[in-house]
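Visitor: Residue numbers (the numbering used here), protein chains in the order written: chain A, 1 to 441; chain B, 1001 to 1402.
From the three backbone atoms N, C-alpha and C, an ideal C-beta is built for every residue, glycine too.
Take this structure first; my questions come after.
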Amino acid sequence: MTPILRRPGRLAAGAVLAVGALSVLRGLLTSGGDLPTLLATHGHTLLVVVGFVAVGELARIRMPSGRETAPLSSASAMSAVFLGQIAGEPTLDIDSGLVVLVVTFGLVLAAAARRSRHRATGTPELAARVVGVSVAAVIARDWGSPTLWELQGLPSASPGVVVLGMGLAAAVGLVTELVLVAALRAERQQTPWSAAVRDEVGEAAPLTLAVLVTGPMVALLAPVLGLLSLPVALVPLALAYTAVRQYIRNRETNRQLIATLSHLTEHGGYTPEHHAERVAQLSVRVGRVLGLGERALRDLEYAALLHDLGQISLLDPIPDGATVLAAPADQRAIAQEGGRIIRRAEIFDDVAAYVEGQTTPYRMVRELGEEVPMAARIIKCANAFDDLSGGTSDPGRVSAAMERIHLGLGYEYDPDVVDALTRVVEDGSVGRVGDRPLVAR
Amino acid sequence: MYITAVAALAVGLAVWSEIAYGLDQFAALGVFILLAALHVVLPDAVVEGQVRVSLSGVILLAGQAIVGPAGVAVIGAVLGISQGKHAPLQRRVFNAAQFSLHGCVGGIAFIVVGGTTSPERLRDVPQIVLGLAVPLLVAVVAQAVANLVALAGVKRVAEGIPMRGQMLAVVRGTGFAYVAHGVIAFIMIVLWVLANLGPVAAAIVLAPLVVAQWIYRQRAEELEGQQRALEVLVAALEAKAPRLGGHSARVAQLSAHMAEHLGLGPQQVTDTRVAGMLHDLGQTSLPTRVARAIDLTDRDHLLDYPERGAAILHDLSFLHGSLDPIRRHRGGLEPSGGLSLPARIVGLADTYDVLTTVGSPSGPVLAPTQAREVVAGAVGDPELLRALDHALARQFEGGSRS
C-alpha cells in the first residue's frame, strides 16, 4: 500500500481531455479555413447558439449525488447539431467540425465567466460534453449518404423518420457524454465504475430525455419560426429544469431537518458535537466506495445521522456518548429505541432498520446467516472509528482506532467495509463529492 | 343542482360551437382523445395545492387550433371523466362538464381574438404570432379564468370558502406554469401542422412535460418526507418525556383551527400549526430526569426550554415563521403582553391541553369546564377565547367522527 500504488494519476481525466482536444483540432483542420466566410454568412445563427450554450452552462444544477449537469446548454448544443433551414437566415450548411468549434466556443466563454468569479470550471466534464456533441454531429452531418442532415431538407423523407433518426443521434451523443462523466467521477472518487455509470444514467435519465427531444424540436421549428425556435423550444425543458431545482432544494431541506434531529442528543450533552455528522460523512464515503446506489446512500446518510438518537431517553448519559465502549445489551437497547422513534414515520422504515441493525456483530451474518443490511454494517464501522478516534485527524489516534477495528475484523466488523474504511481514512479524496459544506475533522 | 347547471352549460356551449365553428378534423380528434385517456396514467402534478405541470392543460390548448372549440369540448369531457380513479360518479360528471366548459370557453376566446383553426395557411413569423401565439395566450387566460370560476364556485357551494381568496392564491402560484403550457401547446401546433409532423409532434412535445411531471411527483414525496421528519422530532420529544404523548399533535391541531378561525393567511396557519407541534421540542435538550419533572401547569415558573427549542430549529429556513411562537409561547397571554397573535394562540392551546390532559407530574388534571375558566382568567381576550371554543368544538366533532 505505497502511496504510488494508491494514486494511479488521473488517467480517465487525461484521456477525456485528449479526445476533447482532438475533436476541436479536427474541427479547426477541416473548417478552420472557411471560418471567416462562415462567420459572415451565419453570424446571427452562430451568435444565438453560442449565447445559449454559454448561458445554459452558467445555469448548471448540482444533482443530489453531486453530479453537475447543464441541461439548457446541452440542449442548445444538440440543436446546433441538427439545425438546417432557418426562416429568415441562410441554411446552416456547415460540417460537423464547425458545430464542435461553435459549441466549444460557447463553453469556453462560460468557463471563463466562472473562472473570473473564482468558481470551479470542471474542464474535464466540459471536454466530455464536447466529445458527446462531436459524436452526435458526425452521425448527423457526416455519416451515410444522404446524411441525416440532408434528409431533413428532402421533401420525400418522412418527417417522423427524420425525427426518430435525430433522436437516436442525440441519444448516442448524450450517452457518450454520460459514460465519460461517469468514468471521470469514478476515478476522482475511486469508486466502482459500474456504480458510477448506473447512478449517472439513473439520475440523469429523466432530464436527458427532455434534452434529447429539444435538439430535433429546434431543427423542426426553425424553418417556420427562424431563430426564435431556440428560445421557444427551451421552454418545455425549462419547466423540467425548474422542477429539478425545486426537488433538489427540498432534498437539501430534508437533509438539514434530519441533521437537526441528530443535534438533539448533542444539545442535551449525550453525544459529542458533530459526531453524528462525521459518522454520516464517513458512512456515505464508504458507501460510495462499496458502490451503493443514490437512493441507498440517502437512506444511509439519514440513518448515520440518527444512529445515536436512541440515547435521547437515557436517564444517565453514557461517557462521551461512545456506544462502541458501552455494554452490548445497552448498545442494543439504544439502537432499538432509536429505531422505535424513527418508525413513527413509516416512510423511514429502511432508515429505522439500518439504525437497529448497527449493533449486530458481523459474525451473526457469517455464522448464523442473519440478514444485516450493508448500510447497517457501514454505520457500525464508521461509528466505531469516530468513537475511537474521537473525531480528530491526529495520526496517532487514527491509527490506534484502525488497529482496534482490525482486531474485530470478521468477528465484529465486515471485512469489505473495513477495507473501504481504510481507503477512505487514508485518502481524503476517496468517495468524496465536490464542495458540499463539510464539517471540519 | 350546481353540477347540473355546469353540465347543462357545458353541453349547450359545445353544441353551439359545433354549429358556429363546425367540427371536421375527426382523425386528429381521435388522436387527442387517446392523449386525453393517457391522463389516467399521468395525472397532473399538484404540489402544495397548486397545479405545476398539467398534461390536460396542454392538450386542451393545442386542441384549440387543431380541432376547434367543439372538438376541445369533447376532449375536455374525456379528460374530466378519466380524472381520479376512485372518484364518485357525481364528481366525474362535474369534472367532465368543467373541463369541457373551460376548454370550450378557451376555444371561443382563441377564435374571437383572431386565432385560426387552419394554421397551415399561416405563412411567416408575424402571421404566426398574430394568428396563433397571441390568441393562444388569450386562450390560456380565458381557460384559467373559466376553470377557476367553476372550481371556486363548487368550493363555495360545498365548503363555504369565499371565492376571491381562493382565486388569488391559485393565480399567484401558477402563473409561470400556465404561460409555459401555452408555449408548449404552441410548439405542438407548429410541429403538428406547419412542420407536417402530425401526431408525432405530440410525442416530442409531451416528453419534457412527462419528465417534469415525474420530477414533481418525486418532489411531492420529499415534501411528504419533510412532514414525516417533523413527526420524528415529536416522537423524539415523547421518548424523552412520555407523559407528553399526543400533547404536541393536539396542540398543533388546536392552534391551526384557532388560527384559521381568527382569519390568518394560509402560510401563517401552517406556521402556527408547526409551532404548536414543536413548541416543547426544547425539552429534548434537557437532562432526562429534569425534562420528566417539569411542572408545565405553573405558567409563572420561568423556563428556558422554549428558547432552546427555537435555537435547535434556527437553521431550518422553512420553519422561520414558527420560531417566534415557539420561543415565546409561555409569555403572558393577555393582549397587552406584547406577544404576536400566533404566539398567543400556541400559548393558549398549550395551556389548555396541559391543564386538561398532561397535568403536573404529581397532580391530577382539570375537567374541561374548569380549565376553560382558568384560561379565561389568564387570557382576557374574548376573541381568542371564542377561537378556542370553536377549535375545541371542531376537535370534538373530528374525534367523534373517527
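1) Starting from Ile379/A, trace the alpha helix (DSSP H) in both directions and tell me its first and last residue.
2) Any beta carbon of chain B sitting closer than 8 Å to that of Leu151/A?
3) With 8 Å set as the bound, which would you pick, yes or no: does the beta-carbon of Ser1402/B sit closer than that to a beta-carbon of chain A?
4) Looking at the structure shown, is Glu150/A part of a helix, part of a strand, or coil, going by DSSP?
5) From the DSSP output, which residues share a beta bridge with Thr69/A?
6) Using CA atoms only, rank isn't needed, just tell me which of Leu151/A, Gly287/A, Ala335/A and Gly293/A is closest to Arg423/A.
7) Could you list which residues in chain B have their beta carbon closer than 7 Å to that of His263/A, in chain order?
8) Could you name the residues that DSSP lists as bridge partners for Glu89/A?
9) Please determine if the segment 1260-1275 of chain B and the segment 1321-1339 of chain B are in contact, where contact requires at least 3 C-beta pairs separated by less than 8 Å.
10) Between which residues of its own chain and Leu1254/B is the CB-CB distance below 8 Å, once the five residues before and five after are set aside?
11) Which word fits Gly165/A, buried or exposed, when buried means at least 16 other C-beta atoms lie within 10 angstroms of its C-beta?
12) Considering only the beta carbon of each residue, do Leu107/A and Val135/A sit closer than 8 Å?
13) What do you get for Ser1100/B, buried or exposed, if any count of 16 or more other CB atoms within 10 angstroms of its CB means buried?
14) Check whether the segment 1205-1222 of chain B and the segment 1067-1078 of chain B are in contact - that is, three or more C-beta pairs closer than 8 Å.
15) Mind pulling the chain D residues with CB within less than 7 Å of Gly1225/B?
16) What first and last residue would you give for the alpha helix (DSSP H) that runs through Pro415/A?
17) Please classify Thr260/A as buried or exposed, where buried requires at least 16 neighbouring CB atoms within 10 angstroms.
18) Using the Cβ count rule (16 or more neighbours within 10 Å means buried), how would you classify Gly56/A?
19) If I measure Cβ to Cβ from Val1274/B and keep anything under 6 Å in the same chain, skipping five residues before and after, which residues do I get?
20) At least one CB of chain A closer than 8 Å to the CB of Asp1315/B: is that the case?
21) Name the one or two DSSP bridge partners that Leu409/A has.
22) Please confirm whether Val430/A has its beta-carbon closer than 8 Å to some beta-carbon of chain B.
23) Let me know the secondary structure DSSP gives Val433/A once reduced to three states.
24) If contact is defined by three or more beta carbon pairs under 8 Å, each pair taking one atom from either stretch, is the segment 347-362 of chain A in contact with the segment 241-253 of chain A?
25) Among Leu38/A, Pro90/A and Gln190/A, which has the Cα closest to the Cα of Gly226/A?
26) Are Ala970/B and Asn254/A close, meaning C-beta to C-beta below 8 Å?
27) Determine the DSSP secondary structure at Leu1392/B, reduced to helix, strand or coil.
28) So, using beta-carbon positions, are Ile1189/B and Ile1066/B closer together than 8 Å?
29) Is there contact between the segment 328-341 of chain A and the segment 358-369 of chain A, where contact requires at least three CB pairs shorter than 8 Å?
30) Checking the sheet assignment: what are the DSSP bridge partners for Val398/A?
31) So that I know if they touch, is there some Cβ in chain B lying closer than 8 Å to that of Val197/A?
32) Residues in the segment 122-136 of chain A with C-beta within 8 Å of chain B's C-beta atoms, listed in sequence order?
33) Would you kindly check if the distance between the Cβ of Ala210/A and the Cβ of Ala1235/B is under 8 Å?
34) Should Ala1010/B go down as buried or exposed, given a rule of 16 or more other Cβ atoms within 10 Å for buried?
35) Is the Cβ of Pro1325/B closer than 8 Å to any Cβ of chain A?
36) Does Ser283/A have its Cβ less than 8 Å from a Cβ in chain B?
Guide: Answer, in terms of the structure:
1) Met374 to Ser389
2) no
3) For Ser1402/B, the pLDDT reaches just 39, beneath the cut-off of 50, and the residue's location in the model is therefore unreliable, although a value from the coordinates is still provided. Chain A contact via Cβ: absent.
4) Residue state, collapsed to three classes: helix.
5) Ile61/A
6) Among Leu151/A, Gly287/A, Ala335/A and Gly293/A, the Cα nearest to that of Arg423/A is on Gly287/A.
7) Ile1312
8) Ile86/A
9) Between the segment 1260-1275 of chain B and the segment 1321-1339 of chain B there are three or more inter-stretch CB-CB distances shorter than 8 Å, so the stretches are counted as touching.
10) The answer, listed in chain order, is Gly1276, Ala1349, Tyr1352, Asp1353, Leu1388, Ala1391, Leu1392 and Gln1395.
11) buried
12) The beta carbons of Leu107/A and Val135/A sit no closer together than 8 Å.
13) buried
14) These segments do not touch.
15) Structure shown: chain D not included; protein chains present are A and B.
16) Pro415 to Glu426
17) Taking a 10 Å sphere around the C-beta of Thr260/A, we find 16 or more other C-beta atoms and assign the residue as buried.
18) buried
19) Ser1322
20) Closer than 8 Å: yes.
21) Beta-bridge pairing links Leu409/A to Tyr413/A.
22) no
23) Three-state DSSP puts Val433/A in coil, outside helix and strand.
24) With a cut-off of 8 Å, the segment 347-362 of chain A and the segment 241-253 of chain A do not count as touching, because too few Cβ pairs lie within range.
25) Pro90/A
26) As displayed, chain B neither begins before 1001 nor continues past 1402, which places residue 970/B out of reach and without an answer.
27) helix
28) yes
29) Three or more pairs of CB atoms, one per stretch, sit closer than 8 Å, so the segment 328-341 of chain A contacts the segment 358-369 of chain A.
30) Partner(s): none; Val398/A has no beta bridge.
31) no
32) Contact annotation: in the segment 122-136 of chain A, no residue has its CB less than 8 Å from a CB in chain B.
33) no
34) Its Cβ being crowded by 16 or more others within 10 Å, Ala1010/B is buried.
35) no
36) no
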